[in-house]
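Encoded as structure tokens, the structure appears first; notes follow it.
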Amino acid sequence: MAEKTAILHIEGREAIELPILNGSIGPDVVDVRALGANGYFTYDPGFVATAACESAITYIDGNQGILLHRGYPIDQLANNADYLEVCYILLYGEVPTRAQYESFLETVTRHTMVHEQIASFFHGFRRDAHPMAIMCGVVGALAAFYHDSLDINADEHREIAAYRLLSKMPTLAAMCYKYSIGQPFIYPRNDLDYAENFIHMMFSTPCEEYEVNPVIARAMDKIFILHADHEQNASTSTVRLAGSSGANPFACIAAGIASLWGPAHGGANEACLRMLEEIGSVDNIPEYIERAKDKDDPFRLMGFGHRVYKNYDPRATVMRNACHEVLKELDIEDPLLDVAMELERIALSDAYFIEKKLYPNVDFYSGIILKAIGIPVSMFTVIFAMSRTIGWIAHWNEMHGDPDNRIGRPRQLYTGAKRRDFRSMEERELCPEEPEQIMA
Ligand code: SDX
Numbered sequence: 017m018a019e020k021t022a023i024l025h026i027e028g029r030e031a032i033e034l035p036i037l038n039g040s041i042g043p044d045v046v047d048v049r050a051l052g053a054n055g056y057f058t059y060d061p062g063f064v065a066t067a068a069c070e071s072a073i074t075y076i077d078g079n080q081g082i083l084l085h086r087g088y089p090i091d092q093l094a095n096n097a098d099y100l101e102v103c104y105i106l107l108y109g110e111v112p113t114r115a116q117y118e119s120f121l122e123t124v125t126r127h128t129m130v131h132e133q134i135a136s137f138f139h140g141f142r143r144d145a146h147p148m149a150i151m152c153g154v155v156g157a158l159a160a161f162y163h164d165s166l167d168i169n170a171d172e173h174r175e176i177a178a179y180r181l182l183s184k185m186p187t188l189a190a191m192c193y194k195y196s197i198g199q200p201f202i203y204p205r206n207d208l209d210y211a212e213n214f215i216h217m218m219f220s221t222p223c224e225e226y227e228v229n230p231v232i233a234r235a236m237d238k239i240f241i242l243h244a245d246h247e248q249n250a251s252t253s254t255v256r257l258a259g260s261s262g263a264n265p266f267a268c269i270a271a272g273i274a275s276l277w278g279p280a281h282g283g284a285n286e287a288c289l290r291m292l293e294e295i296g297s298v299d300n301i302p303e304y305i306e307r308a309k310d311k312d313d314p315f316r317l318m319g320f321g322h323r324v325y326k327n328y329d330p331r332a333t334v335m336r337n338a339c340h341e342v343l344k345e346l347d348i349e350d351p352l353l354d355v356a357m358e359l360e361r362i363a364l365s366d367a368y369f370i371e372k373k374l375y376p377n378v379d380f381y382s383g384i385i386l387k388a389i390g391i392p393v394s395m396f397t398v399i400f401a402m403s404r405t406i407g408w409i410a411h412w413n414e415m416h417g418d419p420d421n422r423i424g425r426p427r428q429l430y431t432g433a434k435r436r437d438f439r440s441m442e443e444r445e446l447c448p449e450e451p452e453q454i455m456a
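Residue numbers (the numbering used here): 17 to 456.
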């Protein structure tokens with residue numbers, strides 16, 4: 017694939033030729049694998065300029081605000097497909113025929129129940145446990161139910177693991193919510209679609225029929241689509257690294273959930289809503305904008321900024337429209353939306369945010385929609401994790417199908433102590449000063 021090369025000139029050394037590899041779109045990459053043999057490592061904390069793998073699943077152009085899933089623009093998918101169709105596209109790479117879609121839907125529907133023993137896992141947690149802590153536990157625990165039937169080198173075993181995770185995440189997520197409010201778990205229903213089923217498991221009770229509002233179901237499905245995948249973000253990279261050792265896929269997805277929980281990543285939607293609640297009113301916005309600019313103040317505007325998007329996050333655009341649709345349909349006047357809209361207006365006109373290219377990201381509006389739907393703030397990141405499971409699995413599956421796949425094992429720039437001899441406590445008390453080392 018290398019047509020061009022990069023020549024690395026290091027003083028006093030022979031030049032090192034590094035092949036330049038090009039993909040179908042986006043930046044070319046310098047293949048630095050030969051550096052190791054020449055006694056060098058690359059250094060890139062946070063992987064700002066590092067391509068850790070080859071992938072065909074999702075393409076992002078942060079400057080143009082472009083997000084493609086298998087080549088399809090995110091706004092077209094969000095406005096014209098449903099989440100399971102997007103899941104099929106992410107997993108298999110092409111749009112399904114009607115027969116393929118119906119078979120996929122049937123299979124996913126038939127795997128939505130969890131083993132009854134899983135319910136007893138929940139009863140080991142306090143009722144006020146954060147649902148993301150529970151999800152880390154119960155999703156990882158799924159490995160205990162399927163470990164013996166899983167050869168990750170077998171395509172069909174990887175496929176059934178994908179179906180089980182995609183199918184069971186909504187059931188487990190709804191169980192987290194029901195457990196936290198002391199209501200009985202609601203079983204999935206095979207006559208409802210994916211989003212309707214989730215809403216039904218969240219809000220219905222055994223005491224009466226519960227009608228799912230189709231506008232809410234559609235908004236929920238759109239939220240699932242907008243969070244489905246996002247290239248090599250922190251949690252997806254965590255799943256890939258965990259999976260590179262050959263670990264069980266349920267354990268790998270639990271690792272992804274743990275990484276997503278962070279407020280700089282998937283935890284931002286929960287943090288964003290708590291920030292809007294803390295700001296409280298439009299009058300207080302200027303004070304918080306100043307705090308966000310203050311280097312000595314750790315406060316950041318949650319829901320703003322992105323490692324890749326230095327333009328508007330295309331998902332935020334779709335989410336913003338969905339947000340207004342839901343609030344209009346539910347006839348909700350949410351003062352937090354007034355604060356959010358004013359915060360967006362001010363931030364987008366403020367020199368600091370313009371210079372730093374800090375635009376609202378996907379998490380900025382999702383929290384307001386979820387709150388309007390009646391989802392508690394503590395469940396926001398759980399819904400992000402549910403939605404992103406298909407992305408994590410698609411990348412995990414792609415990695416295992418990659419002939420270049422090997423265990424991920426980054427190196428480091430070592431800045432610690434040079435070799436020195438250990439002295440016993442008695443020797444140190446006799447001679448507290450450490451002797452000059454005679455060896456390098
Ligand atoms: C997600 O990677 C993905 O794709 C993630 C995601 C996905 O779908 O998987 O898109 C989902 O995680 C979206 C991001 C959600 N996080 C937040 O909303 C938290 C608030 N945002 C920031 O923490 C931050 O913007 C990050 C973490 C998102 C990005 O961090 P970077 O790329 O490491 O950028 P940075 O922290 O180096 O910031 C660059 C500058 C800094 O100032 P300087 O040091 O250059 O002077 O911008 C400033 C930062 O101080 N800055 C902010 C800010 N975000 C960055 N200042 C105020 N408020 C903010 N939100």
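We put the beta carbon where it would ideally sit given N, CA and C, even for glycine. Predicted, not measured: the structure shown is a model, and the values here were computed from it.
When I73, P43, N79 are compared against K373, the one with the closest alpha-carbon
Checking every option, the nearest Cα to that of K373 belongs to N79.
Report the start-end ranges of each alpha helix (DSSP H) in the region 145-220 that is 4 residues or longer and not cut off at the edges.
The region 145-220 contains these whole alpha helix (DSSP H) runs: 147-162, 171-196, 210-219.
Hey, would you say L83 sits closer than 8 Å to I90, going by beta carbons?
Yes, they are a contact pair.
Taking buried to mean at least 16 other C-beta atoms within 10 Å of its own C-beta, is H163 buried or exposed?
Around the beta-carbon of H163, fewer than 16 other beta-carbon atoms lie within 10 Å, marking it exposed.
Heavy atom of the ligand SDX less than 7 Å from the Cβ of V324, yes or no?
Yes, Cβ of V324 sits closer than 7 Å to a heavy atom of the ligand SDX.
The beta strand (DSSP E) spanning H85 covers which residue range?
Judged by DSSP secondary structure, H85 falls within the beta strand (DSSP E) whose first and last residues are 82-85.
For A22, write down the residues that DSSP places opposite it in a beta bridge.
Answer is L34.
Skipping 5 residues on each side, what residues in its chain have a beta carbon closer than 7 Å to that of M191?
Excluding sequence neighbours, M191 sits near F138, F201.
In this structure, how does DSSP classify V334 when only helix, strand and coil are distinguished?
Three-state DSSP puts V334 in a helix.
Is V378 near the ligand SDX, in the sense that its beta carbon is under 7 Å from a heavy atom of that ligand?
Yes, since a heavy atom of the ligand SDX falls inside the 7 Å radius drawn around the Cβ of V378.
Only counting runs of 4 or more residues, tell me where the alpha helix (DSSP H) segments fall wholly within the region 385-433, in order along the chain.
Counting whole runs of 4 or more residues, the region 385-433 contains the alpha helix (DSSP H) stretches 396-416.
Buried or exposed by the 16-neighbour rule on C-beta atoms within 10 Å, applied to S365:
By the 10 Å Cβ count, S365 comes out exposed.
Can you tell which of M318, D437, E118, L107 has the C-alpha that lies nearest to the C-alpha of T405?
Out of M318, D437, E118, L107, the CA that lies nearest to the CA of T405 is found in L107.
Given a threshold of 16 other Cβ atoms within 10 Å of its Cβ, counted over all protein chains shown, does A235 qualify as buried or as exposed?
With 16 or more other Cβ atoms within 10 Å, it is buried.
Looking at the structure shown, is T125 part of a helix, part of a strand, or coil, going by DSSP?
Reduced to three states, the DSSP call for T125 is helix.
Beta-carbon contacts of G282 that lie in its chain and below 6 Å, excluding the five residues immediately before and after
Result list for G282: L276, T397, F400, in chain order.
Please tell me whether, using a cut-off of 7 Å, the distance from the CB of H411 to the nearest non-hydrogen atom of the ligand SDX is below it.
Incorrect: H411 has no Cβ contact closer than 7 Å to the ligand SDX.
To the nearest angstrom, report how far apart V48 and N285 are at their CA atoms.
Between V48 and N285, the alpha-carbon positions lie close to 37 Å from each other.
With contact counted as at least three CB pairs below 8 Å, one residue from each stretch, are the region 112-119 and the region 217-232 in contact?
Result no; under three Cβ-Cβ pairs closer than 8 Å.
Is R7 a contact residue of the ligand SDX, with contact defined as CB to any heavy atom under 7 Å?
As displayed, the chain neither begins before 17 nor continues past 456, which places residue 7 out of reach and without an answer.
Going by DSSP, which residues form a beta bridge with D354?
None, per the DSSP bridge assignment.
Which class does I41 belong to by DSSP, given the choice of helix, strand or coil?
Collapsing the DSSP output to three states places I41 in coil.
Is the separation between the beta-carbon of T252 and that of G272 shorter than 8 Å?
Annotated as proximal: T252 and G272, with beta-carbon spacing under 8 Å.
Neighbourhood of H461 by C-beta distance below 8 Å, restricted to the same chain and skipping five residues each side:
Outside the displayed range of the chain (17 to 456) lies residue 461, so it cannot be described from this structure.
For F320, verify whether its CB is less than 7 Å away from any heavy atom of the ligand SDX.
For the ligand SDX, at least one heavy atom lies less than 7 Å from the Cβ of F320.
To the nearest angstrom, report how far apart G417 and H173 are at their CA atoms.
So the alpha carbons of these two residues sit roughly 13 Å apart.
Please find out if some non-hydrogen atom of the ligand MN comes closer than 7 Å to the beta-carbon of R316.
Ligands in the displayed structure: the ligand SDX; the ligand MN is not one of them.
Compute the distance between the beta-carbons of T123 and N213, then report whether it is under 8 Å.
For T123 and N213, no; Cβs fall outside 8 Å.
For T475, which beta-bridge partners are listed by DSSP?
Because the chain in this structure spans residues 17 to 456, residue 475 falls outside the shown range and cannot be described.
Measuring from the CB of K372, is there a heavy atom of the ligand SDX at a distance below 7 Å?
It does: the Cβ of K372 is within 7 Å (strictly closer) of some heavy atom of the ligand SDX.
Go ahead and label D60 buried or exposed: buried means 16 or more other beta carbons lie within 10 angstroms of its beta carbon, across all protein chains shown.
Looking at its Cβ environment, which holds fewer than 16 other Cβ atoms inside 10 Å, D60 is exposed.
Contact between the region 295-307 and the region 348-367 is defined here as three or more beta-carbon pairs at a separation below 8 Å; is this criterion met?
At 8 Å Cβ cutoff, the stretches touch.
Closest by CA to T221, which one among A22, K194, I241, L208?
For the options A22, K194, I241, L208, the alpha carbon positioned closest to that of T221 is the one of K194.
Evaluate contact between the region 407-427 and the region 254-263, counting only Cβ atoms and requiring at least three cross-stretch pairs below 8 Å.
Contact holds between the region 407-427 and the region 254-263, because three or more Cβ pairs, one in each stretch, are under 8 Å apart.
Compute the minimum distance between the beta carbon of H281 and the heavy atoms of the ligand SDX, and state whether it is under 7 Å.
The answer is yes for H281.
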